[in-house]
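Inspection log for the structure reproduced underneath, given as structure tokens.
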Amino acid sequence: MENEKETTLSETEILSAICDLQKKQVKIAKITAALIMVFVVTVIIVVLILVPKAFNLMEQVNTTVDKANGAIDSVTDTIQRAETTLDGIDQMTESASEAASNMNQLVEENSKTLNESITALSEIDYEGLNEAIGDLKDSANSMSQVMSIFGK
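Quick note on my numbering: the sequence shown kicks off at 26 and runs consecutively.
So this is what it looks like as structure tokens:
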């Protein structure tokens with residue numbers, strides 16, 4: 026019978042140990058459930074706060090991208106206008122070069138005549154011309170005096 030008591034006590038002790046173990050497991054399960062609940066609530070709060078901010082951020086990014094695209098289009102237009110202007114400047118430069126070339130050709134063609142004219146002008150007797158002008162003046166004065174006699 027002693028064997029039975031020991032077995033019974035052992036069974037009682039075992040049952041008590043199992044009961045204690047189950048109580049500990051229930052306690053751990055409750056703690057785990059509470060921690061999971063806190064984690065889930067935290068995740069829900071974070072999602073409720075971050076998702077609208079993420080959508081706002083995406084809207085801002087889209088707006089910024091649209092503005093950047095507009096700026097890029099504007100820069101592209103400006104570059105195209107600059108290229109057109111440069112083409113016009115190239116044409117003007119070519120026209121100016123042609124005009125200078127034509128001017129050089131005109132000067133070369135007329136340089137002989139121009140030299141002859143300058144030579145002829147340099148050969149004029151200015152002293153004789155001045156004397157002739159003085160004589161003409163004296164004649165005009167004399168004529169004027171004679172005319173004034175008849176005119177009175």
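Beta carbons are placed, not taken as given, at the ideal position from N, Cα and C, and that holds for glycine.
All values reported here derive from a predicted model rather than from experimental measurement.
Contacting residues, own chain, Cβ-Cβ under 8 angstroms from residue i (five flanking each side not counted)
i	result
Met26	Confidence at Met26 is low in this model, with a pLDDT of 47, below 50, so the placement of that residue should be treated as unreliable; the coordinate-derived value is given next. Within the same chain, Met26 has no close Cβ partners at all.
Glu84	none
Ser164	none
Residues near residue i by beta carbon distance below 6 angstroms, same chain, minus five either side
i	result
Glu119	none
Asn129	none
Ala124	none
Any chain B beta carbon closer than 8 angstroms to residue i
i	result
Val86	Of the chains in the structure shown, none is chain B; there is only one protein chain.
Cβ-based neighbour list, residue i, same chain, cut-off 7 angstroms, excluding 5 preceding and 5 following
i	result
Ser41	none
Asn87	none
Ile143	none
Inset, instruction - At 3 residues or longer, and completely inside the region 45-81: list those beta strand (DSSP E) runs for me, N to C. - result: Segments of the beta strand (DSSP E) lying fully in the region 45-81: there are none.
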